[in-house]
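**Q** Straight run, no breaks: the sequence shown in the numbering used here ends on number 172. Quick one: the structure is below, questions incoming.
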Amino acid sequence: MSLVTEEIKSKAEVYYGDEMGKEKSQELLKEVGLPNGLLPLHDIIECGIVRETGFVWLKQKQSINHKFEKIGRLVCYGTEVTAYVEPKKIKKLTGVKTKELLVWLTLCDISLDDPPTGKMTFKTPTGLFRTFPASAFEVEETGKGAAAKEAMGVSGAVEVKEA
């Protein structure tokens, strides 16, 4: 059963299609100050944002497993992911599980440390939590944003000149 009702949809900005869903989810993560690789979803059908409450949802064709290589963790994203977002936090998260040893654990809260330490905390409903470097969830931008930066001569590389 979906947590997204017609009443919620009537108050939301709703976007359809994979490309638009990815773009809007990236924008939202950037807007709230979270790493852009936190939601590596594919085949997005629908993405919605209720600005006044911070409620967001993403629907995808099928659930996916994604391994965050930098921390060696496998995460499962269900067909519907919902949450409430606020600056540097995702609360009441549904549809996301992480594998810890041989057990899948549901995640419910994600937060970026404040004051900034470069660490993110992931909590389960049972009170268990793990902390990882936020940099493990950053991905290099691709698509329109990256192409625009490249066209303007902006790149991630730093040139060092000797005096």
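For every residue, glycine included, the Cβ atom is placed at its ideal position computed from N, Cα and C.
Between Phe-141 and Lys-132, is the Cβ-Cβ spacing less than 9 Å?
**A** Position 132 of the sequence shown, counting from 1, holds the residue named residue 141. Position 123 of the sequence shown, counting from 1, holds the residue named residue 132. No, they are not a contact pair.
**Q** Nearest to Leu-12 by CA position, among Tyr-24, Glu-95 and Val-65, is which residue?
**A** Here residue 12 refers to the residue found at position 3 of the sequence shown. Out of Tyr-24, Glu-95 and Val-65, Val-65 has the C-alpha closest to the C-alpha of Leu-12.
**Q** Is the number of C-beta pairs between the stretch 107-120 and the stretch 30-38 that are closer than 8 Å three or more?
**A** They do not touch, by the three-pair rule.
**Q** What is the DSSP secondary structure of Ala-1, counted as helix, strand or coil?
**A** Here the chain has residues from 10 to 172 only, and residue 1 is not among them.
**Q** Tell me which same chain residues have a C-beta within less than 6 Å of the C-beta of Val-23, skipping the five on either side of it?
**A** Counted from its first residue, the sequence shown places residue 23 at position 14. For Val-23, where only same-chain residues beyond five positions count, the Cβ hits under 6 Å are Gly-57.
**Q** In the DSSP assignment, the beta strand (DSSP E) including Glu-22 goes from what residue to what residue?
**A** Within the sequence shown, the letter at position 13 stands for residue 22. Per DSSP, Glu-22 belongs to the beta strand (DSSP E) from 22-25.
**Q** When you compare the CB positions of Leu-67 and His-75, do they come within less than 9 Å of one another, or not?
**A** Taking the sequence shown and counting its residues from 1, the one referred to as residue 67 is at position 58. Taking the sequence shown and counting its residues from 1, the one referred to as residue 75 is at position 66. Taking 9 Å as the Cβ cut-off, Leu-67 and His-75 do not qualify as a contacting pair.
**Q** Tell me whether the beta-carbon of Phe-138 lies closer than 9 Å to the beta-carbon of Leu-43.
**A** Looking up residue 138 in the sequence shown gives position 129. Looking up residue 43 in the sequence shown gives position 34. Their beta carbons are not under 9 Å apart, which means Phe-138 does not touch Leu-43 by this criterion.
**Q** Nearest CA to the CA of Pro-134: which residue from Lys-101, Glu-55, Asp-123 and Asp-122?
**A** Here the question's residue 134 lines up with position 125 in the sequence shown. Comparing Cα positions, the closest option is Lys-101.
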